[in-house]
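A.B. asks: Submitted below is the structure of interest, expressed as structure tokens.
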Amino acid sequence: MKKPTSPRGMRSAHTREMLLPISTATVQSLSLENHIALATIRTGRGSLDQVCCLLRVIYLAYLMRSETATGADVEPYRRAEAALDACIKRIKHDEPCLLLKQEQTVIERVLVLHDEQLAAVPKFRYLDACDRLQRYIGSERFSPIRGDAIG
Numbered sequence: 254m255k256k257p258t259s260p261r262g263m264r265s266a267h268t269r270e271m272l273l274p275i276s277t278a279t280v281q282s283l284s285l286e287n288h289i290a291l292a293t294i295r296t297g298r299g300s301l302d303q304v305c306c307l308l309r310v311i312y313l314a315y316l317m318r319s320e321t322a323t324g325a326d327v328e329p330y331r332r333a334e335a336a337l338d339a340c341i342k343r344i345k346h347d348e349p350c351l352l353l354k355q356e357q358t359v360i361e362r363v364l365v366l367h368d369e370q371l372a373a374v375p376k377f378r379y380l381d382a383c384d385r386l387q388r389y390i391g392s393e394r395f396s397p398i399r400g401d402a403i404g
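Taking the working numbering, the leading residue of the sequence shown gets 254, the next gets one more, and so forth.
Structure (structure tokens):
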């Protein structure tokens, strides 16, 4: 019998390293980068770079939402995306890059969810989500969260 040749028809064999959780040092580094982006915006010194970092985190967390019990609800990701959209609109109108208090709270909630995901998932799951996000960014669609909501 011939083995499947398509990527979808084959199960890739993961190395031992890929099956293990992400290293603690890497989890801490990623978490620190994400929380610094939020803290920078909180101080009023943020820019579109920090907003993009936070959008990336929101989308990665959304793509990995089934990996932890606390991350399954879609609503926190929608709220966080809406908060960042509001921040981007302020920037486009030459207003400061800032998040309102309630916007900060919803972003922080997703950052904490993502920290839990990073600590819990095997490395290959995280890299799969990163690959999915990269493919999504290259597509014509606006939002992976809104895309799921539509269909």
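Every residue gets a Cβ at the ideal spot worked out from N, C-alpha and C, and that includes glycine.
The structure displayed is predicted, hence computed values, not measured ones.
1. If we ignore side chains and look at the alpha-carbon of each, how far apart do I311 and E369 end up?
2. If you draw a straight line from the alpha carbon of I294 to that of T358, how long is it in whole angstroms?
3. Have a look at I344 and C306 and give me their C-alpha separation to the nearest angstrom.
4. From I341 to E393, what does the alpha carbon distance come to, in whole angstroms?
5. Could you give the DSSP three-state label for R394: helix, strand or coil?
6. So for I329, helix, strand or coil by DSSP?
7. Would you mind giving the Cβ-Cβ distance between L316 and A382, rounded to the nearest angstrom? I have them listed as a contact below 8 Å.
8. Of the choices R388, R378, L352 and L371, whose alpha-carbon is the least far from that of L291?
9. Measuring only the C-alpha atoms, how far is P257 from A335?
10. Work out the CA separation of K376 and V363 for me, nearest whole Å.
11. Does any C-beta atom of chain E lie closer than 9 Å to the C-beta of T296?
12. Going by Cα to Cα distance, which pick from N287, A373, E356 and Q281 is closest to G324?
13. Ignoring anything shorter than 4 residues, give me the alpha helix (DSSP H) runs that lie fully in the region 340-374, in order along the chain.
14. Below 8 Å on the Cβ atoms is my guess for Y330 versus I390; work out the distance and round it to an integer in Å.
C.D. replies: According to the structure shown:
1. 13 Å
2. 13 Å
3. 15 Å
4. 19 Å
5. coil
6. A small fix is needed here, since residue 329 is Pro in this sequence, not Ile. It is helical.
7. 4 Å
8. L352
9. Here the model assigns P257 a pLDDT of 47, short of 50, so the residue's position is not dependable, and the following value carries that caveat. Their backbone Cα atoms lie some 42 Å apart in a straight line.
10. 20 Å
11. The question asks about chain E, but that chain is absent: this structure has only one protein chain.
12. A373
13. 354-373
14. The pair is not a contact, with the Cβ atoms about 17 Å apart (cut-off 8 Å).
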